[in-house]
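With the first letter of the sequence shown counted as 1, position 186 gets the number 174 in my numbering; the numbers rise by one all the way through.
Below is one structure, written out as structure tokens, with a few remarks after it.
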Amino acid sequence: MYKTIKNLSGDFKRSERFIRDSNGSLVTTNEGIAKEWEKYFEELLNCEEPDELFMFDLGNINNQECPEPTLEEIDLQIKNLKNNKSPGEDGFQAELLKKGGEDVTQWIWQVIKQIWVTEEFPEDWKTSLICPIHKKGNKQDRNNYRGIALLNVAYKVFSNCILTRIKEKTEQTIGEYQGGFRPGKSTTDQIFIIRQLYQKTWEFDREIHTLFVDFKKAYDSIHRESLINILKEFYFPQKLVNLVSISIMETVVKIKVGNVKSDPVTVKSGLRQGDSISPILFNLVLEKVIREMKIEPHEGIKLRNSTIPLLAYADDIVLMDESQDGVKRLCGRLIDAAQKVGLQINEQKTEYMIIGRHNWMDQVLEVGHFKFKRVNSFKYLGSIVTEKNDITKEVAARIQAGNRIYYGLEKLLSSRSLSREIKRRLYTSLIRPVILYGSETWALRKSDENKFLILERRILRKIFGPIKDNITGEWRRRKNIELQEIFNENNIAETIKKKRLRWAGHAIRSQNSLLRMVLEQNPVGKRPLGRPKLRWEDLVKRDIEDLGGGANWKDLAMNRDAWRIGCETGWS
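Below, the structure is given as structure tokens:
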């Protein structure tokens, strides 16, 4: 559906045929363009080795048996490959493997079994194609592109077999601070945690000094030998360590522009782009960095029985402390430890924010030779948080995002060729989810809810059109109540409430200790005089009571099925 709508809506961007070289000269020939991209990615993907490396404890080797994949596992991995993906250097797509039947499955199984035993890799599996994709800005500037890597499809099957085997051990190794690429965790978890910390900090008249850390070329800069040593130190089975090693060492890329491919470029640093195991491997590298920071129990944001010094979602890291000196110390140790695995702080994109009622004059945070700009708001994992813990900017941003999608689909929503039902589905499946991203974590005022209702009614009027008045015989705009009757679904304000209630149940039942912590514990402090700001939990309690659930919502939420039914139909 998404692909069809994208094609119909005319959202097509013409690729720029020419690019400029490092001297600013325009390159026009296919061969010249490929050569320029080759030089660009050779520099981009090969980072300098760290000046200093970690000392690893490699005394114990895990010789635990690691069974080779079965034929049934290979068959399942092939079935799970995504369709409609561009092929890698081999020219094969996933659909070819799926339609190849038992013979193809047998062949791939035999190849992977041989690799498992010999620990020798097919040369073509080490090669990936990189297609430059324009992000924004001048299309002739190579810096405005990002590379999309296309891997050999048979290698993807092998990589997924490795992923299956390292997941469980990884979950046992990585700390709760990390929410990226982990089962049962999402961006919403991290957004909720940080919003709750900000809300409670403001409520109890405390302060949070927050540093949103950005790394330069995070995945591309990892020191590969250090990664292998990290796997050994974390006591992964030696067989898996060896298989990961052959998959990331001595890799090669070719740059594909149109039908032209560049000469091979050897890549000596970083994780393989597009590889299913790369996010997990990055998390393990970051875990080593965090451990080497040696964070003390008293550092971070203090709640009643615990502290939270940092959050992470893959390479998006947030350092937090109740004092400026505290966050400086955390940052200094992060910089020192990260450098030893190849990670470098991006000074321009790392930003500092102070949450609290007191005015600070400092406009930068100085850590060593770094100067990080202070901001009053930050887009964290796609959701805006502010120094005053105000939701207004986030509401405006979600409405703007919804309008952007709406205007992109306006021709389809106005078309007489599409039924109202299809248009309604376009709204509920494409526009509304964009508007409601992160809404589970919001504490909305009535005025904020009205802004979303106004946007929704405008879209619904476009979908359902005007109505002919039975009395005057003239066409008129549909009234709000008429729109709701014909839409026949919960309006957007009710949808936000139900999403918030479902999320509340998830959070209270969650095995994520940080979620439970920010829900159940408050900072040590005293509330100032006066009426407090509207709190997220106040809205949950109000909505539960409106549905007849009573005051003990946390007890109700422990029964998942009953909670889901109650959130939809109420409690009797």
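Positions of the beta carbon are idealized from the N, C-alpha and C atoms, including for glycine.
{"Asked": "Kindly list the residues whose CB is nearer than 7 Å to the CB of ASN132, restricted to its own chain and excluding five residues on each side of it in sequence; keep chain order.", "Found": "HIS122, LYS123, LYS124, GLY125, ASN126"}
{"Asked": "Going along the chain, which residues of its own chain have a beta-carbon closer than 6 Å to the beta-carbon of PHE109, five neighbours each way excluded?", "Found": "ILE234"}
{"Asked": "Does DSSP classify VAL567 as helix, strand or coil?", "Found": "This structure cannot speak to residue 567, because the chain is shown only from -11 to 560."}
{"Asked": "From the DSSP output, in three-state form, read off GLY47 for me.", "Found": "coil"}
{"Asked": "My parser needs the beta strand (DSSP E) runs of 3 or more residues fully inside the stretch 188 to 270; what are they?", "Found": "196 to 201, 239 to 245, 253 to 255"}
{"Asked": "Consult DSSP for GLN184 and reduce its assignment to one of helix, strand or coil.", "Found": "helix"}
{"Asked": "What are the partner residues of SER371, as DSSP defines its beta bridges?", "Found": "TYR368"}
{"Asked": "In angstroms, rounded to a whole number, what distance separates the CA positions of GLU19 and LYS361?", "Found": "42 Å"}
{"Asked": "Keeping to the same chain, check which residues put their C-beta closer than 7 Å to that of LEU406; ignore five residues upstream and five downstream.", "Found": "LEU400"}
{"Asked": "Looking at the strands, I want to know which residues DSSP matches up with ASP350.", "Found": "Per DSSP, none; premise fails for ASP350."}
{"Asked": "Suppose contacts are defined by Cβ-Cβ distances below 8 Å. Is GLU37 in contact with LYS328 by that definition?", "Found": "no"}
{"Asked": "How about LEU298 and THR161: do their beta carbons lie closer than 8 Å?", "Found": "no"}
{"Asked": "Grab me the residues of GLU634's own chain with a C-beta within less than 8 Å of its C-beta, minus the 5 sequence neighbours each way, in chain order.", "Found": "The chain is shown from -11 up to 560; residue 634 falls before or after that span and cannot be answered."}
{"Asked": "Ordered along the chain, which non-local residues of its own chain (more than five positions away) have a Cβ less than 8 Å from that of ASN478?", "Found": "LYS486"}
{"Asked": "Can you pull the DSSP bridge partners for ARG362?", "Found": "TYR340"}
{"Asked": "On the three-pair Cβ rule with 8 Å, is the stretch 70 to 77 touching the stretch 139 to 148?", "Found": "yes"}
{"Asked": "Evaluate contact between the stretch 49 to 69 and the stretch 213 to 227, counting only Cβ atoms and requiring at least three cross-stretch pairs below 8 Å.", "Found": "yes"}
{"Asked": "According to DSSP, what are the bridge partners of ASP309?", "Found": "HIS197"}
{"Asked": "Using three-state DSSP, classify ALA137 as helix, strand or coil.", "Found": "strand"}
{"Asked": "Could you tell me which residues DSSP pairs with ILE455 in its beta bridges?", "Found": "ARG464"}
{"Asked": "Give the C-beta separation of VAL255 and THR115 to the nearest angstrom, bearing in mind that I take them to be a contact with Cβ-Cβ under 8 Å.", "Found": "Rounded, the Cβ-Cβ distance is 10 Å, inconsistent with contact."}
{"Asked": "Between the beta-carbon of GLU354 and the beta-carbon of ASN364, is there less than 8 Å?", "Found": "no"}
{"Asked": "Spell out a yes or no on whether the stretch 144 to 151 and the stretch 383 to 401 are touching, meaning 3 or more CB-CB pairs, one atom from each, closer than 8 Å.", "Found": "no"}
{"Asked": "Who are the near neighbours of ILE484 in its chain, counting only those whose CB is closer than 6 Å to its CB and skipping five residues on each side?", "Found": "SER427"}
{"Asked": "Can the beta-carbon of GLY168 be found less than 8 Å from the beta-carbon of SER209?", "Found": "no"}
{"Asked": "Can you grab the Cα-Cα spacing for the pair LYS282 / PHE44, in whole Å?", "Found": "15 Å"}
{"Asked": "Quick check: SER498 and GLU164, are their CB atoms within less than 8 Å of each other?", "Found": "no"}
{"Asked": "For the alpha helix (DSSP H) holding SER561, just list the boundary residues, first then last.", "Found": "Lying before the first or after the last residue shown, residue 561 is absent from the chain, which here runs from -11 to 560."}
{"Asked": "Answer yes or no: do THR338 and ASP202 have a C-beta to C-beta separation smaller than 8 Å?", "Found": "yes"}
{"Asked": "Would you mind stating whether ILE62 and THR93 have Cβ atoms separated by less than 8 Å?", "Found": "yes"}
{"Asked": "Between the Cα of LYS205 and those of TYR223, LEU471, ARG260, THR198, spot the shortest distance and give me the residue it belongs to.", "Found": "ARG260"}
{"Asked": "Under 8 Å by Cβ, that's how I've got PHE452 and ILE480 pegged, so tell me the actual separation to the nearest angstrom.", "Found": "That belief does not hold up - the Cβ atoms of PHE452 and ILE480 are roughly 16 Å apart, past 8 Å."}
{"Asked": "What's the C-alpha gap between PHE42 and ILE387?", "Found": "47 Å"}
{"Asked": "CA-CA distance, ILE289 and MET505?", "Found": "12 Å"}
{"Asked": "Can you have a look at TRP348 and say buried or exposed, based on whether 16 or more other CB atoms are within 10 angstroms of its CB?", "Found": "exposed"}
{"Asked": "Going by beta-carbon coordinates alone, are LEU544 and GLY536 separated by less than 8 Å?", "Found": "no"}
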